[in-house]
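In this note's numbering, the protein residues as written are 1 to 706. Beta carbons: idealized from backbone N, C-alpha and C, even for Gly. Since the model is a prediction, treat every value here as computed from it, not as a measurement.
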Amino acid sequence: MQKKLLKRLFGIAGFLSCIILGVNAQKTTLTLDAGKPGAGVSPMLYGLMTEEINHSYDGGLYAELIRNRIFKDSKTTPEGWSLVKDNAADGADIKLMAANEDNIPYDERRHAINGALSTCLRLTVEKASGRVGIANEGYWGIPVKPATTYKASFYMKGTERSEPFRWPWEPKPNTPKLPDIPNNTPGPITVSIESNDGKTVYASGTINLEKSIYWKKYELTLTTAANIQPTKDARFVISTDRTGLYYFNLVSLFPPTYNNRDNGNRQDLMQMLVDMKPKFLRFPGGNFLEGPLITDAFPWKTTLGMLENRPGHNGSWGYRASDGMGLLEFLEWCEDMGAEPVLALYAGYSLQGDHVDAGPLLKPYIDDALDEIEYVTGDASTYWGAKRVADGHPAPFKLTYVEIGNEDWFDRSNSYDGRFKQFREAIEAKYPKLTCISTIPATQYPSMSVKGKEAAVVDEHYYRNSWDMWENASQYDKYDRNGPKIFVGEWATREGLPTTNLNAALGDAAWMTGMERNADIIIMSCYAPLFVNVSKDSATGRRAWQWDSDLIGYDALNSYGSPSYYVQQLFNHYLGNKIVPATFENVPLQNRPLTKKDSADGIKIKTVPTLFYSATRNDATGVIYLKIVNTSAKKQTIQINLTGADKVQPEATMVVVKGNNPDDTNTITDRENILPVTSTIKGIKTSFTRVFDPYSVNILELKTSK
Numbered sequence: 001m002q003k004k005l006l007k008r009l010f011g012i013a014g015f016l017s018c019i020i021l022g023v024n025a026q027k028t029t030l031t032l033d034a035g036k037p038g039a040g041v042s043p044m045l046y047g048l049m050t051e052e053i054n055h056s057y058d059g060g061l062y063a064e065l066i067r068n069r070i071f072k073d074s075k076t077t078p079e080g081w082s083l084v085k086d087n088a089a090d091g092a093d094i095k096l097m098a099a100n101e102d103n104i105p106y107d108e109r110r111h112a113i114n115g116a117l118s119t120c121l122r123l124t125v126e127k128a129s130g131r132v133g134i135a136n137e138g139y140w141g142i143p144v145k146p147a148t149t150y151k152a153s154f155y156m157k158g159t160e161r162s163e164p165f166r167w168p169w170e171p172k173p174n175t176p177k178l179p180d181i182p183n184n185t186p187g188p189i190t191v192s193i194e195s196n197d198g199k200t201v202y203a204s205g206t207i208n209l210e211k212s213i214y215w216k217k218y219e220l221t222l223t224t225a226a227n228i229q230p231t232k233d234a235r236f237v238i239s240t241d242r243t244g245l246y247y248f249n250l251v252s253l254f255p256p257t258y259n260n261r262d263n264g265n266r267q268d269l270m271q272m273l274v275d276m277k278p279k280f281l282r283f284p285g286g287n288f289l290e291g292p293l294i295t296d297a298f299p300w301k302t303t304l305g306m307l308e309n310r311p312g313h314n315g316s317w318g319y320r321a322s323d324g325m326g327l328l329e330f331l332e333w334c335e336d337m338g339a340e341p342v343l344a345l346y347a348g349y350s351l352q353g354d355h356v357d358a359g360p361l362l363k364p365y366i367d368d369a370l371d372e373i374e375y376v377t378g379d380a381s382t383y384w385g386a387k388r389v390a391d392g393h394p395a396p397f398k399l400t401y402v403e404i405g406n407e408d409w410f411d412r413s414n415s416y417d418g419r420f421k422q423f424r425e426a427i428e429a430k431y432p433k434l435t436c437i438s439t440i441p442a443t444q445y446p447s448m449s450v451k452g453k454e455a456a457v458v459d460e461h462y463y464r465n466s467w468d469m470w471e472n473a474s475q476y477d478k479y480d481r482n483g484p485k486i487f488v489g490e491w492a493t494r495e496g497l498p499t500t501n502l503n504a505a506l507g508d509a510a511w512m513t514g515m516e517r518n519a520d521i522i523i524m525s526c527y528a529p530l531f532v533n534v535s536k537d538s539a540t541g542r543r544a545w546q547w548d549s550d551l552i553g554y555d556a557l558n559s560y561g562s563p564s565y566y567v568q569q570l571f572n573h574y575l576g577n578k579i580v581p582a583t584f585e586n587v588p589l590q591n592r593p594l595t596k597k598d599s600a601d602g603i604k605i606k607t608v609p610t611l612f613y614s615a616t617r618n619d620a621t622g623v624i625y626l627k628i629v630n631t632s633a634k635k636q637t638i639q640i641n642l643t644g645a646d647k648v649q650p651e652a653t654m655v656v657v658k659g660n661n662p663d664d665t666n667t668i669t670d671r672e673n674i675l676p677v678t679s680t681i682k683g684i685k686t687s688f689t690r691v692f693d694p695y696s697v698n699i700l701e702l703k704t705s706k
């Protein structure tokens, strides 16, 4: 009975939806008061949030192409690596050294380069009957492009078997012996980028391996021909045709990077970010800041300097982080975008519930945070500022905001109040100009928020579907203007996978109009997650991502923006410095669909608007940026009135993101299905009528004077 009633209610809801959309006897009117000064818009309203998820860095923005370059991704198997052998060479294998002491011969426990590079890969070649070597598959492929120069480097040595030092009274260990193999390792070693089947060599070079028991770093460049076709079906190979024991560590391959930075970022992804013109970058997370355990928190000090000194650490999303994207790389990433860092500081809480109580036990973590701030902002006279100078960046970085922790509402010990207070007092004492952001907003978690002295800025996070976004697009209209400023540090409409679809973009745009109308209290906002590697091992195999509905998608070779990406880009580009007061009348409504969770008794059908707006003005130019979002399946007509403007130019620029279906999207194989379209429209006056297409995000650039 209840199922039948619910089914009838679904039908009634759909019928009423048609009625509500269809009946529009009164004209929908939007009146903008261009002559009334509105509140200022935060100059940092739109930025980026980043963390290591979905292979955002390793296998993403960080340009390193070699997967598992220091052989620590697994303690038992060399993930990402395989044995290459031609002519069925006998007695050839590869094995991790020092990753598992119980499985390593006694005379093979001496191959660490340093504390960071403590695991290496051994290639054993007993008989030389053809090429033998090691191959790396990259992050779901090695991208090969025409006329491109790659920088390859690796540590290598070839040695005979020998006994390590042992005291005379120590018994000889009863462990497996290596076979006696002729040591013919010195000589040419071939380095190549080739097809996965080895039949096509795209680029190759050689190094001359010296006869030595000591590690040596070898470097060379590999250049592809101008006439090759781009492909990601390639591998990186180091090979020999001689017998012996060969050892490898820190194997690296870099393509050209953005701004030609050493240890830099992927060019296409960086360009997409630069095109967004973000005002800030929140890093390093996110969950990546905290780690599953306290010992897994982002170890910023071991991410500095040479790659040889970076051991990496356990990530938060099921895979190990190389930490090639270290603290300085984050800061230079900001620099390349013209953005300011928003630095998240580890505050003594990790994802599995571990926390450090306020008091003496928390002090080392506060000291570590103060050191980190000094590295970012200190001059050469400070200890950590001098470290940054030595790392190659003499100038300090601008820093306005630091965030104390991440999503500490998950800490059920209620320790955040004390931890935040202790962090804030220490930071403000040494850096009084810095603003500390609280991760627990009273609007969302009143019982857990900071007590006593109120935080100046709080971080709110929202992950919703499009209906929730439309229903809550006006939530900031009701916020206390005397309360803390709001940083919407993570938010997204979660529809579509692995990147968002058009309906998600409509949810995003509606939500962003609400933030713009309230940009007097919303000082910063950033979408999350930013990146997703969309690769899979096979149609049904392991995928590269852990989180659906992301902003920018890519594989090893190509990248694309989701519909949400273009909405983000356009909202930031077309933004004034003052809010334009407005009234929106007779807005058509639509019924929110019922779900199985809704009760069949006394049910109340919710309605949400079908149209959303925001308007800002550039005081210097008089340009008004009007944004209209039509979430419905039908065209909508709006009469737009401009009051307080002495003159309005008759032509305006209009930019539209739209599609035929809410599920329309972009993919790695159809990257330009939905793109912004720019046009010039005429007939603009102080009062004009405009028809807005179904499922569309519209931006009008109106030129006025007063």
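Close beta carbons around Ser679, own chain, < 6 Å, minus the five adjacent residues each side: Here residue 679 is taken as the residue at index 679 of the sequence shown, counted from 1. Once the five neighbours on either side are set aside, the close Cβ partners of Ser679 are Met654.
Going by Cα to Cα distance, which pick from Arg617, Ala582, Ser252 is closest to Gly138? In the sequence shown, residue 138 corresponds to position 138, counting from 1. Answer by Cα proximity: Ser252.
Answer with buried or exposed for Glu64, where buried requires no fewer than 16 other C-beta atoms within 10 angstroms of its C-beta. Against the sequence shown, residue 64 aligns to sequence position 64. By the 10 Å Cβ count, Glu64 comes out buried.
Can you round the beta-carbon distance between Trp409 and Ile440 to whole angstroms, since I take them to be within the 8 Å contact cut? For the purposes of this step, residue 409 is taken as the residue at position 409 of the sequence shown. For the purposes of this step, residue 440 is taken as the residue at position 440 of the sequence shown. The Cβ separation is near 5 Å, so the contact holds.
Whole angstroms are fine: how far does the CA of Leu48 sit from the CA of Asn24? Within the sequence shown, residue 24 is the residue found at index 24, counting from 1. Within the sequence shown, residue 48 is the residue found at index 48, counting from 1. Unreliable placement is indicated for Asn24, whose pLDDT of 49 sits below 50; no coordinate value is reported for it.
Reducing DSSP to helix, strand and coil, say where Tyr57 ends up. In the sequence shown, counting from the first residue as 1, residue 57 sits at position 57. It is coil, neither helix nor strand.
CA-to-CA distance, His55 to Ile699, given in whole angstroms: Taking the first residue of the sequence shown as 1, we reach residue 699 at position 699. Taking the first residue of the sequence shown as 1, we reach residue 55 at position 55. Ile699 and His55: Cα-Cα distance of roughly 33 Å.
Between which two residues does the beta strand (DSSP E) carrying Thr124 extend? As a position in the sequence shown, residue 124 is number 124, starting the count at 1. 120 to 125 is the span of the beta strand (DSSP E), which, as asked, contains Thr124.
Gly22 versus Leu589: straight-line alpha-carbon distance, rounded: On the sequence shown, residue 22 is found 22 positions in, with the first residue counted as 1. On the sequence shown, residue 589 is found 589 positions in, with the first residue counted as 1. Because the pLDDT at Gly22 is just 46, under 50, the model does not fix this residue reliably, and the point stays unresolved.
Following the continuous beta strand (DSSP E) through Trp491, name the residue where it begins and the one where it ends. What you label residue 491 is simply residue 491 of the sequence shown in a count that begins at 1. First-last of the beta strand (DSSP E) with Trp491: 485 to 493.
Span of the beta strand (DSSP E) around Ala152: As a working mapping, residue 152 is identified with position 152 in the sequence shown. 149 to 159 is the span of the beta strand (DSSP E), which, as asked, contains Ala152.
Reduced DSSP category for Leu327 - H, G, I as helix; E, B as strand; rest coil: By one-based count along the sequence shown, residue 327 stands at place 327. Here Leu327 sits in helix by DSSP.
Suppose you measure from the CA of Met469 to the CA of Val237; what does that come to, to the nearest Å? Taking the first residue of the sequence shown as 1, we reach residue 469 at position 469. Taking the first residue of the sequence shown as 1, we reach residue 237 at position 237. Approximately 49 Å, taken between the alpha carbons.
Which listed residue (Ile522, Ala429, Ala505) has its alpha carbon closest to that of His461: In the sequence shown, residue 461 corresponds to position 461, counting from 1. Among Ile522, Ala429, Ala505, the Cα nearest to that of His461 belongs to Ile522.
Would you call the region 615 to 627 and the region 662 to 680 touching, i.e. three or more CB-CB distances under 8 Å? no
Measuring only the C-alpha atoms, how far is Pro78 from Gln422? Translated into the one-based positions of the sequence shown, residue 78 becomes position 78. Translated into the one-based positions of the sequence shown, residue 422 becomes position 422. Those two C-alpha atoms are separated by around 44 Å.
Quick one: measure Cβ to Cβ for Ala234 and Glu194, integer angstroms, because I've assumed they're closer than 8 Å. Taking the sequence shown and counting its residues from 1, one reaches residue 234 at position 234. Taking the sequence shown and counting its residues from 1, one reaches residue 194 at position 194. Contact annotation, Ala234 with Glu194: C-beta distance approximately 6 Å; criterion of less than 8 Å satisfied.
Specify the secondary structure class of Asp368 as computed by DSSP and reduced to three states. As a working mapping, residue 368 is identified with position 368 in the sequence shown. Looking at Asp368 - three-state DSSP - the assignment turns out to be helix.
Thinking C-alpha only, which one of Ala225, Thr303, Gly305, Ala544 is nearest Thr149? Translated into positions along the sequence shown, residue 149 becomes position 149. Selected option, being the one with the closest Cα: Ala225.
Go through its chain and collect everything with a Cβ distance to Leu220's Cβ below 7 Å, but skip five positions before and after it. Residue 220 sits at position 220 when you count from the first residue of the sequence shown. Answer for Leu220: Ala152, Val191, Gly205, Ile207, listed in chain order.
Counting only C-beta atoms, is Trp300 closer than 9 Å to chain B at any point? Given the protein chain composition of this structure (a single chain), no chain B is represented.
Closest to Glu643 by C-alpha separation, out of Val657, Val580, Ile552, would be which residue? Counted from its first residue, the sequence shown places residue 643 at position 643. Per the sequence shown, the amino acid found at residue 643 is Thr instead of Glu. Answer by Cα proximity: Val580.
Hey, quick one: how far does the beta strand (DSSP E) through Gly561 stretch, first residue to last? Walking along the sequence shown from the start, residue 561 turns up at place 561. Note, Gly561: beta strand (DSSP E), 559 to 561.
Under 9 Å, do Tyr46 and Phe571 count as touching if we go by C-beta distance? By 1-based counting over the sequence shown, the position of residue 46 is 46. By 1-based counting over the sequence shown, the position of residue 571 is 571. For Tyr46 and Phe571, yes; Cβs fall inside 9 Å.
Quick one: Cα of Gly130 to Cα of Thr303, how far? As a working note, residue 130 is residue 130 in the sequence shown. As a working note, residue 303 is residue 303 in the sequence shown. Near 40 Å, if we compare the C-alpha coordinates of Thr303 and Gly130.
Quick check on DSSP: helix, strand or coil for Gln267? Counting from 1 along the sequence shown, the entry for residue 267 is found at position 267. Helix at Gln267.
With burial defined as no fewer than 16 other Cβ atoms inside 10 Å of the residue's Cβ, what is the status of Gln271: buried or exposed? Numbered from 1 along the sequence shown, position 271 holds the residue referred to as residue 271. Gln271 should be labelled exposed.
Thinking Asn630 and Phe531 are a contact (beta carbons under 8 Å), I'd like their distance in whole angstroms, please. For the purposes of this step, residue 630 is identified with residue 630 of the sequence shown, where counting begins at 1. For the purposes of this step, residue 531 is identified with residue 531 of the sequence shown, where counting begins at 1. At roughly 29 Å, the Cβ-Cβ gap does not stay under 8 Å, so Asn630 and Phe531 are not in contact.
Please tell me whether Ile711 and Gly244 are closer than 9 Å, where the distance is taken between their beta carbons. The structure shown does not extend to residue 711, since the chain is modelled only from 1 through 706, so no value can be given for it.
Which complete beta strand (DSSP E) runs does the region 656 to 687 hold, if anything under 3 residues is left out? 677 to 681
For Asn406, the nearest candidate out of Ala386, Leu361, Leu343 (CA to CA): Taking the first residue of the sequence shown as 1, we reach residue 406 at position 406. Selected option, being the one with the closest Cα: Leu343.
I need the straight-line Cα distance from Ser564 to Leu222, nearest angstrom please. Counted from its first residue, the sequence shown places residue 564 at position 564. Counted from its first residue, the sequence shown places residue 222 at position 222. Using only the alpha carbons, I get a separation of about 37 Å.
Given Gly622, which residues of its chain have a CB within under 6 Å of its CB, disregarding the five upstream and five downstream residues? In the sequence shown, residue 622 corresponds to position 622, counting from 1. Closer than 6 Å at Cβ, skipping near neighbours: Thr704, Ser705.
Beta-ladder partner(s) of His461, from DSSP: In the sequence shown, counting from the first residue as 1, residue 461 sits at position 461. As DSSP reads the structure, His461 sits in a beta bridge with Glu490.
Residue closest to Pro694, alpha-carbon to alpha-carbon, out of Pro171, Ala297, Leu611: For this step, residue 694 is matched to residue 694 along the sequence shown. Nearest neighbour of Pro694 by Cα position, chosen from Pro171, Ala297, Leu611, turns out to be Leu611.
Round the Cβ separation of Pro341 and Phe280 to the nearest angstrom and send it over; I've been treating them as touching at under 8 Å. Walking along the sequence shown from the start, residue 341 turns up at place 341. Walking along the sequence shown from the start, residue 280 turns up at place 280. About 7 Å; that satisfies the 8 Å criterion.
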